[in-house]
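*Asks:*
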Amino acid sequence: MKVKRQRITVEELLSRYAAGERDFSKVIIEDSREGLLRGLDLSNINLEASILIIDLSGAILRNDLDNADFSEVNLYG
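Quick note: the sequence shown uses the working numbering, first residue 1, plus one each step.
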């Protein structure tokens with residue numbers, strides 16, 4: 001079964017997260033800008049079944065990461 005995903009911008013993610021939303025499951029976020037999320041606390045964000053093509057280095061991602069697939073992910077920094 002194909003998963004239907006919604007494409008959102010980084011700016012939309014940050015705005016919705018700041019407003020209290022934490023469920024960003026099944027989204028696609030693609031942005032080539034480096035360091036965009038550096039130092040941002042995105043604790044408890046739900047990115048289940050999402051596709052992220054973004055620089056997450058320096059972002060704070062405290063959460064339950066059981067069964068997370070970090071293949072081809074660069075979390076350096």
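Glycine residues also receive a C-beta, built at the ideal position from the N, C-alpha and C atoms.
If we count the other Cβ atoms within 10 Å of its Cβ and call it buried at 16 or more, is N55 buried or exposed?
*Replies:* For the purposes of this step, residue 55 is taken as the residue at position 55 of the sequence shown. Per the sequence shown, residue 55 should be read as Asp rather than Asn. With 16 or more other Cβ atoms within 10 Å, it is buried.
*Asks:* Does the Cβ of I45 have 16 or more other Cβ atoms within 10 Å, making it buried, or fewer, making it exposed?
*Replies:* Stepping through the sequence shown from its first residue, residue 45 is reached at position 45. Buried, because 16 or more other Cβ atoms sit within 10 Å of the Cβ of I45.
*Asks:* Output yes or no for whether 8 angstroms exceeds the beta carbon distance between F70 and L47.
*Replies:* Your numbering for residue 70 matches position 70 in the sequence shown. Your numbering for residue 47 matches position 47 in the sequence shown. Not a contact, by the Cβ cut-off of 8 angstroms.
*Asks:* Which first and last residues belong to the alpha helix (DSSP H) in which L52 is found?
*Replies:* Here residue 52 refers to the residue found at position 52 when the sequence shown is read from its first residue. From DSSP, L52 is part of no alpha helix (DSSP H) but of the beta strand (DSSP E) over I51 to I53.
*Asks:* Using the Cα positions of V73 and I51, report the straight-line distance between them to the nearest angstrom.
*Replies:* Translated into the one-based positions of the sequence shown, residue 73 becomes position 73. Translated into the one-based positions of the sequence shown, residue 51 becomes position 51. Looking at the two C-alpha atoms, the distance is approximately 11 angstroms.
*Asks:* Among the candidates I29, Y17, R22 and S15, whose CA atom is the shortest distance from the CA of Q6?
*Replies:* Here residue 6 refers to the residue found at position 6 of the sequence shown. The shortest C-alpha separation from Q6 is found at I29.
*Asks:* Closest by CA to K26, which one among A19, Y17, L14 and I8?
*Replies:* For the purposes of this step, residue 26 is identified with residue 26 of the sequence shown, where counting begins at 1. Per the Cα distances, I8.
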